[in-house]
Amino acid sequence: MRKMRVAVLISGRGSNMEALVKAAQAPDYPAEIVLVLANKEDATGLEIARALGVRAEAVASKPYGRDREAHERAVDARLREAGVELVCLAGYMRLLTPYLVRRWAGRMLNIHPSLLPAFPGLDTHQRAIEAGVGEHGCTVHLVTEGMDEGPVLGQARVPVLPGDTEDALAARVLAQEHRLYPAMLAEQARKILLSEG
Ligand code: GRF
985 MRKMRVAVLI
995 SGRGSNMEAL
1005 VKAAQAPDYP
1015 AEIVLVLANK
1025 EDATGLEIAR
1035 ALGVRAEAVA
1045 SKPYGRDREA
1055 HERAVDARLR
1065 EAGVELVCLA
1075 GYMRLLTPYL
1085 VRRWAGRMLN
1095 IHPSLLPAFP
1105 GLDTHQRAIE
1115 AGVGEHGCTV
1125 HLVTEGMDEG
1135 PVLGQARVPV
1145 LPGDTEDALA
1155 ARVLAQEHRL
1165 YPAMLAEQAR
1175 KILLSEG
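Note that the sequence shown covers residues 985 to 1181 in our numbering.
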């Protein structure tokens, strides 16, 4: 089976991107990471990607100011030039406009650090602790126009332990993110490849 060409979009440290790149190095993995794009030149994940031998570039969002769609057009152009077929958002801290979401409908995945629909948005770990839930986790979903709302592809659960700090809970969830995202990307890539016949 051929490998699906995947880009990972990041804004910061890129640990999920790293997990995806490493998983995709397995010979039988149905996808290859052909491009890592950041919206900031200084995203530390760019260096990590390059060290792993992956093309990594920034399309800085700052020069575009409030024109989010213009920035997305530049991002989309890079994705198309690189022959990308599927996009993984991994800590990409940008609200997307309908432009990019529609361009990649059914072909854009995101990982969110909560058991959606619980705790969409930011500060999910602190909010989970404050809410007193017994269970927390992460979700991989398809990206649609509503933030953190698209169809769920898979979730991983962790317990919230007595006395948990935000950092301790975040670390427990992150370990699961690094397992869940590569598994869900593989599943989605296989599904698309099979549908191509
Ligand atoms: C992860 O917790 C991810 O779920 C969230 O942002 C964080 C990014 O971490 N969307 P990293 O850049 O992948 O290390």
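Backbone N, C-alpha and C define an ideal beta-carbon position, used for all residues, glycine too.
Residue i versus residue j - alpha carbon distance
i	j	result
residue 1136	residue 1109	19 Å
residue 1180	residue 1066	20 Å
residue 1018	residue 1036	11 Å
residue 1161	residue 1151	15 Å
residue 1133	residue 1096	10 Å
residue 1107	residue 989	32 Å
residue 1050	residue 1080	12 Å
residue 942	residue 1061	The structure shown does not extend to residue 942, since the chain is modelled only from 985 to 1181, so the question has no answer here.
residue 1047	residue 996	18 Å
residue 1093	residue 1159	19 Å
residue 1089	residue 1038	25 Å
residue 1114	residue 1146	12 Å
residue 1012	residue 1171	12 Å
residue 1010	residue 1034	18 Å
Same chain, Cβ closer than 7 Å to residue i, five either side skipped, listed in chain order
i	result
residue 1045	1023, 1055, 1078
residue 994	1001, 1020, 1022, 1027, 1029, 1074, 1075, 1076
Sequence-distant residues of the same chain with beta carbon closer than 8 Å to residue i, five excluded per side
i	result
residue 1119	1099, 1141, 1142, 1143, 1144
residue 1139	1099, 1100, 1121, 1122, 1123, 1124, 1164
residue 1117	1102, 1144
residue 1069	988, 989, 990, 1091, 1176
residue 1191	In this structure the chain extends from 985 to 1181, so residue 1191 is not present and cannot be described.
residue 1112	1098, 1102, 1103, 1120, 1144, 1153
residue 1004	990, 992, 1017, 1072, 1074, 1165, 1166, 1169
Residue i vs residue j beta-carbon contact at 8 Å
i	j	result
residue 1157	residue 1072	no
residue 985	residue 1177	yes
residue 1182	residue 1059	In the structure displayed, the chain extends from 985 to 1181; residue 1182 sits before or after that span and is not available.
residue 1025	residue 1042	yes
residue 1173	residue 1014	yes
residue 1008	residue 1016	yes
Proximal residues to residue i (C-beta, below 6 Å), its chain only, five neighbours per side dropped
i	result
residue 1002	1032
residue 1083	1053, 1056
residue 1063	991
residue 998	1029, 1032
residue 1154	1109
residue 1126	1134, 1135
> Whose CB is closer than 5 Å to a heavy atom of the ligand GRF? List the residues in chain order.
Replying inline: 996, 997, 998, 999, 1000, 1074, 1075, 1095, 1097
> Quick one: complete alpha helix (DSSP H) runs, 4+ long, within the segment 1078-1123?
Replying inline: 1082-1087, 1108-1115
> Where are the alpha helix (DSSP H) runs, 4 residues long or more, that stay fully inside the segment 1002-1041, in chain order?
Replying inline: 1028-1035
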